[in-house]
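I have placed the structure first, in the form of structure tokens, so that the comments after it can refer back to it.
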Amino acid sequence: MALKFDIKALPTYAKAIIAVVPSIIIIALVFLLWINPKMKQIKVLDAKIDKQNNEIASSQSKAAKLEMLKMENERLIARINELKEQLPEEKEISSLLKQVSDMGISAGLEIKSWKPSPKVTHPSGIVYEIPVSVDVVGTYHNLGYFLSSLTRLNRIVNIKDMKIGNPKKERSESMLQVSFKASTFSAIPDAEMGKPAPAVKK
1 MALKFDIKAL PTYAKAIIAV VPSIIIIALV FLLWINPKMK QIKVLDAKID
51 KQNNEIASSQ SKAAKLEMLK MENERLIARI NELKEQLPEE KEISSLLKQV
101 SDMGISAGLE IKSWKPSPKV THPSGIVYEI PVSVDVVGTY HNLGYFLSSL
151 TRLNRIVNIK DMKIGNPKKE RSESMLQVSF KASTFSAIPD AEMGKPAPAV
201 KK
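Our numbering numbers the first residue of the sequence shown as 1 and each following residue consecutively.
Spelled out as structure tokens, the structure:
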């Protein structure tokens, strides 16, 4: 015997449930078949965007650092060129050393010994050092005036290993016997960079 289903005979709450269920099913299907996949795509795209943003930030940081390194490199090159201008060329060394000797005489020092030594490669590897062993006699005032004069040279002259003997009274002044090494420097030509200084001929 066939069953008869009369929806009108159902209670009101049952009728409401039956009316709402199709809508819930449709909404669930829409979420599962359309919205959920879109949300997954959005999540994937968000992850890609975050990765790209990190890469962009990293690239910008590297670019800024590279720019800073370039500026520092340019500053160092300018400083090296500035220092090289203070280094005499090798052909100018003799005249510079004569100038130093003349300055000592002008300061009132008596030059007892002046012995240039062969040039040697400075530990920096970028300049030759040309040392001269010097013995002089003079007063404190003479010595001070000479050293002060050296600071006004537009070339680098380094004084080291200075030894001052006991002063000897001569007339009204105390005379000092002073020995020191005066060194000047010349830039190593690019063609000779990394090579040892030429051997000294005996």
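Each residue gets a CB set at the ideal place from its N, CA and C atoms; glycine is no exception.
- In the DSSP assignment, Leu153 falls outside any alpha helix (DSSP H), carrying neither H nor E.
- By the beta-carbon neighbour count (other beta carbons within 10 angstroms, threshold 16), Gly165 is exposed.
- Counting the other CB atoms within 10 Å of its CB gives Leu143 a total of 16 or more, which places it among the buried residues.
- Within its own chain, the residues whose Cβ lies closer than 6 Å to the Cβ of Tyr145, once the five positions on either side in sequence are excluded, are Ala107, listed in chain order.
- Looking only at Leu69, Lys169, Thr121, the smallest Cα-Cα distance to Ala187 is reached by Thr121.
- Between Pro118 and Val132, the gap from beta carbon to beta carbon reaches 7 Å or more.
- Ser172 and Gly138 have their alpha carbons spaced roughly 13 Å apart.
- Fully contained in the stretch 124-183 are the following alpha helix (DSSP H) runs of length 4 or more, in chain order: 140-150.
- For Lys98, no beta strand (DSSP E) segment is defined; the enclosing uninterrupted segment is the alpha helix (DSSP H) at 93-106.
- Here Ile130 has Ile93, Lys119, Thr184 as same chain residues with Cβ atoms under 6 Å from its own Cβ, once five neighbours each way along the sequence are excluded.
- Rounded to the nearest whole angstrom, the CA to CA distance from Ala78 to Met71 is 11 Å.
- By the Cβ neighbour-count rule, Val100 is buried, with 16 or more other Cβ atoms within 10 Å of its own.
- Just so you know, the alpha carbons of Met175 and Tyr128 end up roughly 34 Å apart.
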